[in-house]
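In our numbering, the protein residues as written are 11 to 465.
Pasting the structure below:
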């Protein structure tokens, strides 16, 4: 087994603050010289100095907690020994609870250094006169812990960084790729090392903007905000779950209809939030879905949730069935969902011209993921039976329909069609009997071992 020890010189080079670095250097020199008590003492001083420097740095960025602590430090003059000792005693508590620059576990580890420093720096008055001397391995571990947990880490940010992040989310430079957005937000400049309160407040700020602000939410801004919500989930999953349960429904419950509609767009990106919706929210959504105009249906990407419940499906179909033909077709193309699959099959098999058959076929392909045996049989039988214009089949003789059918063959292999092979073999035979072109389907079925074409 290999043990990888931290290089102390490399660790020292990563210390952020020059004052802290000086004390940690003293600790390393003492350690190498065998002066282990001096090394522990210098390590503890480096920790204290680093926390104080981080307080000053955060205060300069507008962090309210750091500003209060800086004021407290300013009131401790050089003659106020009791004040200095009191602050030093609680400095790890301040770092963990007030500033959140270390975790509870890290605080526990660093408190061991504080305890041993007190023993190293003061006589123990033991009966035999033996004084405490820490082991070299322990001293080395203390130096590494101080560096990794605190000295080599930039201070976390509070309210000031929240404003910076929110401005970035609203900017044109925010990445339009989710992974790039995560990597950018995860940097130390943004969410890489922030207080847990920043995650919580950013979550609330984003959903307030969506549901409580009447200003337009562009598609780009909605995308940016939802990528940010996803980043919060990835970086602090437990907090995301807790805040979602606590705040999501209250933030949307009183939204006016125009803002409430935006819930469809939120669910497009985060469908799992649907599980948090109560009956009142669901009832409002269903009613809105019945009455939304075409532009609202398209803008809000309602297809993301219409298949979640039978009531949502019914409300959606009620609205769609009232539309004229052109608007129906617009919805079919833009909002593919299981609820519309039967409508689209009917659209395709009722095509009344060669050109219409090809164009409707392109729409049909987007619905292949929802196909069952029943829908596939209906589609293929309707293809063979079409005679929508002057008794002439407008589908099987349409230019490019062989591409549509071959693509449908491939796509329905990946759907819920259980008798794919037998259905297509039957269709291919009937298509050949009608004298239609089967070349492309033949090639696919031959490759799959379903048929053999003689030379």
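Idealized CB from N, CA, C, for every residue including glycine.
The beta carbon of residue 429 sits closer than 6 Å to the beta carbons of 383 from its chain, once the five residues preceding and following it are set aside; these are given in chain order. Taking a cut-off of 8 Å on C-beta distances, the region 78-88 does not touch the region 147-158, as fewer than three cross pairs fall below it.
Three or more Cβ pairs drawn from the region 360-375 and the region 395-409 lie within less than 8 Å of each other, which places the two stretches in contact. Closest option to residue 195, judged by alpha-carbon separation, among 131, 246 and 341: 246. Taking all protein chains shown into account, residue 281 has fewer than 16 neighbouring C-beta atoms within 10 Å of its C-beta and is therefore exposed. Bridge pairing for residue 402: 399 [DSSP].
Its Cα nearest to that of residue 390, the residue 436 stands out among 436, 213, 366 and 347. The DSSP-derived three-state label of residue 374 is helix. Taking every protein chain shown into account, the CB of residue 125 has fewer than 16 other CB atoms within 10 angstroms, so this residue is exposed.
Positions of the alpha helix (DSSP H) runs, each at least 4 residues long and wholly inside the region 227-282, are given as 229-245, 247-253, 259-263, 267-270 and 272-279 in order along the chain.
With a 10 Å radius around the Cβ and a threshold of 16 neighbouring Cβ atoms, residue 258 comes out buried. Each of 98, 109, 111 and 108 was checked against the Cα of residue 123, and the nearest Cα belongs to 98. Annotation for residue 302: no alpha helix (DSSP H) segment contains it, and DSSP assigns it neither H nor E. The beta carbon of residue 76 sits closer than 6 Å to the beta carbons of 65, 68 and 69 from its chain, once the five residues preceding and following it are set aside; these are given in chain order. Distances from the CA of residue 344 to each of 314, 129, 26 and 300 were compared; the closest alpha carbon is that of 314.
Pairing residue 181 with residue 268, the inter-Cα distance amounts to about 24 Å. When secondary structure is reduced to three states using DSSP, residue 430 falls in the helix class. The alpha helix (DSSP H) runs of length 4 or more contained entirely in the region 303-371 are, from start to end of the chain, 304-309, 320-330, 335-344 and 351-359. In the displayed model, residue 162 falls within coil according to three-state DSSP, outside both helix and strand.
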